[in-house]
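K.L.:
Sharing a structure here in structure tokens format.
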Amino acid sequence: MIKEVKLKINNIEVCVPEGSTILQAAKKLNIELPTLCYHNDLSVAGNCRVCIVEVKNSRLLQPACVFPVSEGIEVFTNSNLVRQARKHIIELLLSEHNADCTECYRNNNCELQRLAYEYGVSQHLFIDLIPLKNYEKDYSSPSIIKDDSRCIRCQRCVRTCEELQAVSALTVAYRGEHMKISTFFENPMFEIVCTNCGQCVLHCPTGALIERTYIDEVWEAINDPDKHVVVQTAPAVRVALGELFGYEPGERVTGKMVTALKLLGFDSVLDTNFSADLTIIEESNELLERLKKAIKEKQKAYLPMFTSCSPGWIKFAEHMYPELLPHLSTCKSPQQMFGALVKTYYAKKIGIDPKKIVSVSIMPCTAKKFEANRPEMKSSGYRDVDYVLTTRELALMIKQAGINFSKLSETNYDNIMGKSTGAGVIFGVTGGVAEAALRTAYEIITGKEIPFPKLNIIPVRGLEGVREVTIKIDGTLPEWDFLEGMELRVAIAHGLANAKRLIEKILSGQVNYHFVEIMACPGGCLGGGGQPIPVNTEIRKSRVKAIYEEDENMPLRKSHENPDVIALYNEFLHKPLGHKSHELLHVTYTPRKRY
Amino acid sequence: MKSDKVINKVDLIFRKSESDEISVIKRVLEKKPIDIINNIIDSGLRGRGGAGFPTGLKWKLAYEQNSTVKYVICNADEGEPGTFKDREILDVVPQKVLAGMAICAYCIGAKKGYIYLRGEYFFLANKLEEIIENFNQKLKTIGLDFEIQLYLGSGAYVCGEETALFESLEGKRGEPRNKPPFPTSVGFLNKPTVINNVETLVYAYIITDIGPNEFKKYGTKDSRGSKVFSISGDTPKPGIYELELGMTVEDFVKEFGDGDTKAVQIGGCSGKCVPRKDFATTIIGFEGIPTGGSMMLFNSSRSMYNVLHNFLEFFCEESCGQCTPCRVGYQQLLKGIEAVKKGERPASYLEELKKLALTMKVSSKCGLGQSAANPFISIVDNFKEEMIY
Ligand SMILES: Cc1cc2nc3c(=O)[nH]c(=O)nc-3n(C[C@H](O)[C@H](O)[C@H](O)COP(=O)(O)O)c2cc1C
Ligand code: SF4
Chain Y
85 MIKEVKLKIN
95 NIEVCVPEGS
105 TILQAAKKLN
115 IELPTLCYHN
125 DLSVAGNCRV
135 CIVEVKNSRL
145 LQPACVFPVS
155 EGIEVFTNSN
165 LVRQARKHII
175 ELLLSEHNAD
185 CTECYRNNNC
195 ELQRLAYEYG
205 VSQHLFIDLI
215 PLKNYEKDYS
225 SPSIIKDDSR
235 CIRCQRCVRT
245 CEELQAVSAL
255 TVAYRGEHMK
265 ISTFFENPMF
275 EIVCTNCGQC
285 VLHCPTGALI
295 ERTYIDEVWE
305 AINDPDKHVV
315 VQTAPAVRVA
325 LGELFGYEPG
335 ERVTGKMVTA
345 LKLLGFDSVL
355 DTNFSADLTI
365 IEESNELLER
375 LKKAIKEKQK
385 AYLPMFTSCS
395 PGWIKFAEHM
405 YPELLPHLST
415 CKSPQQMFGA
425 LVKTYYAKKI
435 GIDPKKIVSV
445 SIMPCTAKKF
455 EANRPEMKSS
465 GYRDVDYVLT
475 TRELALMIKQ
485 AGINFSKLSE
495 TNYDNIMGKS
505 TGAGVIFGVT
515 GGVAEAALRT
525 AYEIITGKEI
535 PFPKLNIIPV
545 RGLEGVREVT
555 IKIDGTLPEW
565 DFLEGMELRV
575 AIAHGLANAK
585 RLIEKILSGQ
595 VNYHFVEIMA
605 CPGGCLGGGG
615 QPIPVNTEIR
625 KSRVKAIYEE
635 DENMPLRKSH
645 ENPDVIALYN
655 EFLHKPLGHK
665 SHELLHVTYT
675 PRKRY
Chain C
6 MKSDKVINKV
16 DLIFRKSESD
26 EISVIKRVLE
36 KKPIDIINNI
46 IDSGLRGRGG
56 AGFPTGLKWK
66 LAYEQNSTVK
76 YVICNADEGE
86 PGTFKDREIL
96 DVVPQKVLAG
106 MAICAYCIGA
116 KKGYIYLRGE
126 YFFLANKLEE
136 IIENFNQKLK
146 TIGLDFEIQL
156 YLGSGAYVCG
166 EETALFESLE
176 GKRGEPRNKP
186 PFPTSVGFLN
196 KPTVINNVET
206 LVYAYIITDI
216 GPNEFKKYGT
226 KDSRGSKVFS
236 ISGDTPKPGI
246 YELELGMTVE
256 DFVKEFGDGD
266 TKAVQIGGCS
276 GKCVPRKDFA
286 TTIIGFEGIP
296 TGGSMMLFNS
306 SRSMYNVLHN
316 FLEFFCEESC
326 GQCTPCRVGY
336 QQLLKGIEAV
346 KKGERPASYL
356 EELKKLALTM
366 KVSSKCGLGQ
376 SAANPFISIV
386 DNFKEEMIY
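Same order as they appear, the protein sequences are chains Y and C. Mapping the first sequence onto this note's numbering, position 297 (from 1) lands on 381, and the numbers just tick up by one. Mapping the second sequence onto this note's numbering, position 65 (from 1) lands on 70, and the numbers just tick up by one.
Set out below in structure tokens:
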């Protein structure tokens, strides 16, 4: 049993479990103390010092975010001493911060700006230090822009990159007045181990780390009468976009989003869920091929097979585990499959020169920008995807266009590659790809539905960092009789730090699996680096719930039943893993250096 | 107040011991750890690294921790400008430092100890390695399961701060941690750790050897014993002196001044500056102004603006940079006094800066930022004209 501790905050008594911090105790009294370096997802640093409070009989003010409560302490959160110090601290931060807010991508959604406003500290008490600083802006990455002049050195990005992602691409360099957030040897963002996942962007309180935006390029394409602009929307976007228009986290806005995209002027509004379904067909067949090779033909096959739809994970594997690359599914991600088909199958079907097609995708992800830019992603002769916008960028476009989002009616996706199933939707959540693949693979092997009520494979779900499930295969079709009675072992990890934990166990031989799903971002794509800010466990949970609701509401729940996918195979691809598929939908990977 | 006390040179640290270190440790092994600790508590010894925490109490706190792994660390980072006494101690009586560590290890139950040696003292390293090796062997033969290892620091001043030192020793960037938890419960590698200054460990050894009463003969109620001072600046006899605690600055200046002393900076750049008018009433010790050992004398040829400017430049460079009040605060103090001097800001801006220094004192994470107010306010208040004109 955890002991309760009684303390007083501003003379009001409150009881909290032993080991709580003052910040947590204050929250219980509905007092939100100001914070900057604190983030729920991360370890506590206590370095910005804005949450300082007075603790009676202590010589120093104490950071509420880290100071543990003890029986009988008396805390004052608004004393003159506290207010003076807090104002000073905000002033100090502003004195080395580029506060041209109107030019900042995080204007109106900046934690420093909010504090400066709340504490009325915009009158420049101290000397402007910016002219003395040699701030740099790093535009080298196609995904992430790093602007040191906006940085408040809270190190949230550093902790994110290390604790959530086990990448440590961002580190602290130098001391004192020169201290800054940098990279290995101060190399540009494009040349480092950065996976482009954008978790640092998601966790940055200011505009120091933002995604590279392509909004203007997309407007230009839309306004060019010569171009046919096709847009695809990833599954996780629809459960988060609403947050940027005042909806509660977890509200699904699929139909309104489609209407808005049509109003923006896209020529065709299609769904990445379609190619998620396609990915499942290709990927389950690939898995079954590998199993056949290993079990029936007794040849070397690369098992476990790892999923390949998360581009942050791909780059992580290329840097950290090049020896694992043959284990990665060769399937392109749904975004890239979609792009490749837009400029081939789709172009042919509507009779447009692929040269004239501009392919845009709306993604919860910043790594997708890098992925679209990879040299291997143009097997059709054209770039699969021309521009990738994040959920945040889409919201901005809708705002620029003056669209009153909440008033919009709901419409459906356009035809040809607009149909999808619930299996495609759950790509947006950790465990979803595994679940979708199991729904299809099991049926290929046995001819029967996977035996879970309502097709909900509950054991793969949840937000536990690493999960594993074993599925027993019963009643195989003759072609697959070598799998009869076999236990298919599946593991799932999300967040690259969890992925690393899992992989180390696999490599050391402690565990072994047939199929491993990895998503770079905590929660999967719904917690992606391109999603609305802020994010935390509660928000991720709401989005998870929304994704599964969306799945359950779909008339079709299994990828192989998607009529558009069936048509695609009939008319164009002919069969999974066939010649055309290999040409357009599969890739190989590039080993990279560890630093 | 012992204003009548004249300067008293003491010879505890550097003199040749009556008994050799190993036989003292042998005697210690026959006693109960808590008795040894109580001896140190009784002696009134307080840390000589600057903060002045009672040494016996520190050992007791670590002793009471329920952990099979504990550490003893000797802080030999000595980064405070104007301080060079730990180097001298390690050079002249290294055996006593090692013995202090071994006694502490026995008391608290540590099996491993480190000496974190300032990077610039690398020239001591070879000799020390050899002595340590020898000492470790001897400990084995008398049956004390404790081993000391030397670690050469990274050269940053902040790494002398105890928790930054742990980080550095763990191979990480030397950034101070939040306290609590304190090192005696969560220290090096998150284990209970006693970290003491070089000099503190030697006194602990001496007290164990000669008994607390011999030590208590010196000093005052709040500042027992003697301490080693590093004396520099405008003095005809700079150097290292072991002096009894509790003297006034006046006594000190009589002995070490050049006849024209206008100010004494006590405790290095993070300490306080005492102007001539306060010499007679200021005691050097915990009841007055404590010092880690550094005493800088300034005569009337010195510009106190320059002195303060140098200190602030030092802190601007040496702040680890993680916490806002210290990182940006020092830059503002520095640029602020420059602006006042140049007439770009009114003299009243100094008052604003003093408030800022007080904010830094109460809101910075570690002693580096917390000590801003010491030099800043004492110099600005006492030498205001020099700041403005
Ligand atoms: C910025 C900073 C630098 C410090 N440098 C040293 C140092 O070089 N040597 C030292 O013994 N203590 C130094 N200290 C004090 C240590 O944190 C710690 O209090 C001391 O090692 C404890 O030993 P003691 O109790 O024997 O004095 C420093 C403190 C701060 C804040
Ligand atoms: S007070 Fe200065 S040196 Fe200490 S933690 Fe803060 S920034 Fe670092």
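Even for Gly, the Cβ is constructed at its ideal location relative to N, Cα and C.
May I ask you to check if the CB of residue 184/C is nearer than 6 Å to at least one heavy atom of ligand 2?
P.N.:
The residue given as residue 184/C occupies position 179 in the second sequence. No, Cβ of residue 184/C sits at least 6 Å from all heavy atoms of ligand 2.
K.L.:
With distances taken Cα to Cα, identify the nearest neighbour of residue 445/Y among 530/Y, 423/Y, 429/Y, 548/Y.
P.N.:
Walking along the first sequence from the start, residue 445/Y turns up at place 361. The option with the nearest alpha carbon to residue 445/Y is 423/Y.
K.L.:
Quick check: is the beta carbon of residue 265/Y nearer than 7 Å to any beta carbon in chain C?
P.N.:
As a first step, residue 265/Y must be located in the first sequence, where it is residue number 181. So no, residue 265/Y is outside the interface.
K.L.:
Residues of chain C with CB under 7 Å from residue 180/Y, in chain order?
P.N.:
Stepping through the first sequence from its first residue, residue 180/Y is reached at position 96. Neighbours of residue 180/Y on chain C, chain order: 333.
K.L.:
Given 6 Å as the limit, tell me if residue 67/C has its C-beta closer than that to any heavy atom belonging to ligand 1.
P.N.:
For the purposes of this step, residue 67/C is identified with residue 62 of the second sequence, where counting begins at 1. The answer is no for residue 67/C.
K.L.:
Please decide whether residue 208/Y counts as near chain C, where near means a Cβ-Cβ distance under 7 Å.
P.N.:
Counting from one through the first sequence, the residue named residue 208/Y turns up at place 124. With 7 Å as the cut-off, residue 208/Y does not count as an interface residue toward chain C.
K.L.:
Residues of chain Y with CB closer than 9 Å to the CB of residue 370/C, please, in chain order.
P.N.:
Here residue 370/C refers to the residue found at position 365 of the second sequence. Near residue 370/C (Cβ distances below 9 Å), the residues of chain Y are 130, 131, 133, 147.
K.L.:
Taking 6 Å as the limit between beta carbons, can you name the residues of its chain near residue 91/C, skipping five residues before and five after?
P.N.:
If you number the second sequence from 1, residue 91/C lands on position 86. Contacts found: 81, 83, 203.
K.L.:
Counting beta carbon pairs with one atom in the region 643 to 663 of chain Y and one in the region 529 to 538 of chain Y, are three or more of them shorter than 8 Å?
P.N.:
Touching, no.
K.L.:
For a test of the three-state rule: what should DSSP assign to residue 301/C, helix, strand or coil?
P.N.:
What you label residue 301/C is simply residue 296 of the second sequence in a count that begins at 1. In this structure, residue 301/C counts as strand in the three-state DSSP scheme.
K.L.:
Out of 381/C, 335/C, 349/C, 332/C, state which residue places its alpha-carbon closest to the alpha-carbon of residue 356/C.
P.N.:
Counting from one through the second sequence, the residue named residue 356/C turns up at place 351. Residue 381/C is the option with its Cα nearest to residue 356/C.
K.L.:
Check residue 76/C in the structure and name its three-state DSSP category.
P.N.:
The sequence position of residue 76/C within the second sequence is 71, counting from 1. In this structure, residue 76/C counts as strand in the three-state DSSP scheme.
K.L.:
In angstroms with no decimal places, state the Cα-to-Cα distance between residue 599/Y and residue 363/Y.
P.N.:
As a position in the first sequence, residue 599/Y is number 515, starting the count at 1. As a position in the first sequence, residue 363/Y is number 279, starting the count at 1. Cα-Cα distance, rounded: 15 Å.
K.L.:
Expressed to the nearest angstrom, what Euclidean distance is found between the alpha-carbon atoms of residue 519/Y and residue 651/Y?
P.N.:
As a first step, residue 519/Y is located in the first sequence; it is residue number 435 there, counting from the start. As a first step, residue 651/Y is located in the first sequence; it is residue number 567 there, counting from the start. C-alpha separation (whole angstroms): 23 Å.
K.L.:
What does DSSP give as the partner residue(s) for residue 575/Y in the beta ladder?
P.N.:
For the purposes of this step, residue 575/Y is taken as the residue at position 491 of the first sequence. Residue 575/Y pairs with 552/Y, 600/Y.
K.L.:
With respect to the beta strand (DSSP E) encompassing residue 118/C, which residues constitute its N-terminal and C-terminal limits?
P.N.:
Counted from its first residue, the second sequence places residue 118/C at position 113. That run of the beta strand (DSSP E) goes 117 to 122.
K.L.:
Spell out whether any CB of chain Y is found under 7 Å from the CB atom of residue 385/C.
P.N.:
Residue 385/C sits at position 380 when you count from the first residue of the second sequence. Judged by the 7 Å Cβ criterion, residue 385/C is not in contact with chain Y.
K.L.:
Excluding the five sequence neighbours on either side, which residues of its own chain have a C-beta within less than 7 Å of the C-beta of residue 13/C, listed in chain order?
P.N.:
In the second sequence, residue 13/C corresponds to position 8, counting from 1. So the qualifying residues of the chain are 248, 249.
K.L.:
Would you list, in chain order, the members of the region 159 to 170 of chain Y that have their beta-carbon closer than 8 Å to a beta-carbon of chain C?
P.N.:
The region 159 to 170 of chain Y vs chain C, Cβ under 8 Å: 165, 168, 169.
K.L.:
Which residue comes first and which comes last in the beta strand (DSSP E) that contains residue 97/Y?
P.N.:
As a first step, residue 97/Y must be located in the first sequence, where it is residue number 13. From DSSP, the beta strand (DSSP E) with residue 97/Y extends over 96 to 101.
K.L.:
Return yes when the C-beta of residue 163/C is under 6 Å from any heavy atom of ligand 4, and no when it is not.
P.N.:
Ligand 4 is not among the ligands present in this structure, which contains only ligand 1 and ligand 2.
K.L.:
Report the residue ranges of all alpha helix (DSSP H) runs contained in full by the region 95 to 182 of chain C; include only those spanning at least 4 residues, in chain order.
P.N.:
Within the region 95 to 182 of chain C, the complete alpha helix (DSSP H) runs of at least 4 residues are 99 to 113, 127 to 147, 167 to 174.
K.L.:
Using the Cα positions of residue 169/C and residue 180/C, report the straight-line distance between them to the nearest angstrom.
P.N.:
Reading the second sequence from its first residue, position 164 is the one you call residue 169/C. Reading the second sequence from its first residue, position 175 is the one you call residue 180/C. Going by the C-alpha atoms only, they are around 5 Å apart.
K.L.:
Check the DSSP bridge columns for residue 147/Y and list the partner residues they point to.
P.N.:
As a working mapping, residue 147/Y is identified with position 63 in the first sequence. 136/Y, per the DSSP bridge assignment.
K.L.:
Considering only DSSP beta bridges, list what residue 415/Y is partnered with.
P.N.:
As a working mapping, residue 415/Y is identified with position 331 in the first sequence. DSSP lists 670/Y as partners of residue 415/Y.
K.L.:
Buried or exposed for residue 360/Y, going by 16 or more other Cβ atoms inside 10 Å?
P.N.:
Along the first sequence, read from residue 1 onward, the residue named residue 360/Y stands at position 276. Buried, because 16 or more other Cβ atoms sit within 10 Å of the Cβ of residue 360/Y.
K.L.:
Helix, strand or coil: which one does DSSP assign to residue 389/Y?
P.N.:
Sequence index remark: in the first sequence, residue 389/Y carries index 305 (1-based). Reduced to three states, the DSSP call for residue 389/Y is strand.
K.L.:
Distance, Cα to Cα, residue 35/Y vs residue 466/Y?
P.N.:
As shown, chain Y starts at 85 and ends at 679. That puts residue 35/Y outside it, with no answer to give.
K.L.:
Contact check, residue 217/C vs residue 48/C under 8 Å by CB: the rounded distance?
P.N.:
By 1-based counting over the second sequence, the position of residue 217/C is 212. By 1-based counting over the second sequence, the position of residue 48/C is 43. About 4 Å separates the two Cβ atoms, so the contact holds.
K.L.:
Please give the ranges of any beta strand (DSSP E) in the region 448 to 528 of chain Y, keeping only runs that are unbroken, at least 3 residues long and fully inside the region.
P.N.:
List check, beta strand (DSSP E) in window: 471 to 474.
K.L.:
Tell me the DSSP secondary structure of residue 663/Y in three-state form.
P.N.:
In the first sequence, the residue the question calls residue 663/Y occupies position 579. Correct three-state label for residue 663/Y: helix.
K.L.:
For ligand 2, enumerate in chain order all residues having a CB closer than 6 Å to any of its heavy atoms.
P.N.:
This criterion selects 163/C, 181/C, 324/C, 325/C, 326/C, 327/C, 328/C, 331/C, 332/C, 369/C, 370/C, 371/C, 373/C, 374/C.
K.L.:
Just how far apart, CA to CA, sit residue 570/Y and residue 556/Y?
P.N.:
Numbered from its first residue, the first sequence carries residue 570/Y at position 486. Numbered from its first residue, the first sequence carries residue 556/Y at position 472. Rounded to the nearest angstrom, the two C-alpha atoms are 6 Å apart.
K.L.:
When you check each C-beta in the region 314 to 338 of chain C against every C-beta of chain Y, which residues fall closer than 8 Å?
P.N.:
So the list reads 320, 321, 322, 323, 324, 325, 326, 327, 328, 329, 330, 332, 333, 334, 335, 336, 337, given in the order they occur along the chain.
K.L.:
Would you be able to state if there are at least three C-beta pairs under 8 Å between the region 293 to 311 of chain C and the region 266 to 273 of chain C?
P.N.:
Yes: at least three Cβ pairs fall under 8 Å.
K.L.:
Does residue 258/Y pass the burial test, meaning 16 or more other C-beta atoms within 10 Å, or should it be called exposed?
P.N.:
Taking the first sequence and counting its residues from 1, the one referred to as residue 258/Y is at position 174. The residue in question, residue 258/Y, is exposed, as its Cβ has fewer than 16 Cβ neighbours within 10 Å.
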